Every structure is written in structure tokens, then in C-alpha cells.
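Just so we're aligned: 40 in full-length UniProt numbering is position 40 of the sequence shown, and the numbers increase by one with no gaps anywhere.
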Amino acid sequence: AHWMWGANGWLGDVVGARDYGGSAIIFLTAGVAALIGTVFLGPRFGRFEPRTLP
1 AHWMWGANGW
11 LGDVVGARDY
21 GGSAIIFLTA
31 GVAALIGTVF
41 LGPRFGRFEP
51 RTLP
């Protein structure tokens, strides 16, 4: 939230982003959390195993 609304926030000043309802902060936080979660969990089990049936 500080990046957008803070006095020294770089999203508001440098990039020029505007967030009137607060949705950008929610989606940015959710996106970063999802990215960290996928990096932490890694690929699912059996993802690279062959799936051919005889």
C-alpha cells in the first residue's frame, strides 16, 4: 500500500499509477502472494511422467 499511497511511493509518483478504489493494492498483493506460493511449491508430482497406456 505504501508503494501506491505513501508520500515516497514509487507507483504513484514515478509510474503515474492511479488507484481510486484500492483494487490495485489488493490484486498486486494477491499476485505477489500467488507467485511466491508457486515458486515455493514447485511443479506438481507426476508432472513430467509419461502418460501413455499400453
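All residues carry an ideal CB built from backbone N, CA and C; glycine is no exception.
Given the structure is predicted, the values throughout are model-derived calculations rather than measurements.
{"Query": "Beta-carbon contacts of residue 23 that lie in its chain and below 8 Å, excluding the five residues immediately before and after", "Result": "none"}
{"Query": "Sequence-distant residues of the same chain with beta carbon closer than 8 Å to residue 42, five excluded per side", "Result": "none"}
{"Query": "Residue 33, DSSP secondary structure in three states", "Result": "helix"}
{"Query": "For residue 48, three-class secondary structure by DSSP", "Result": "coil"}
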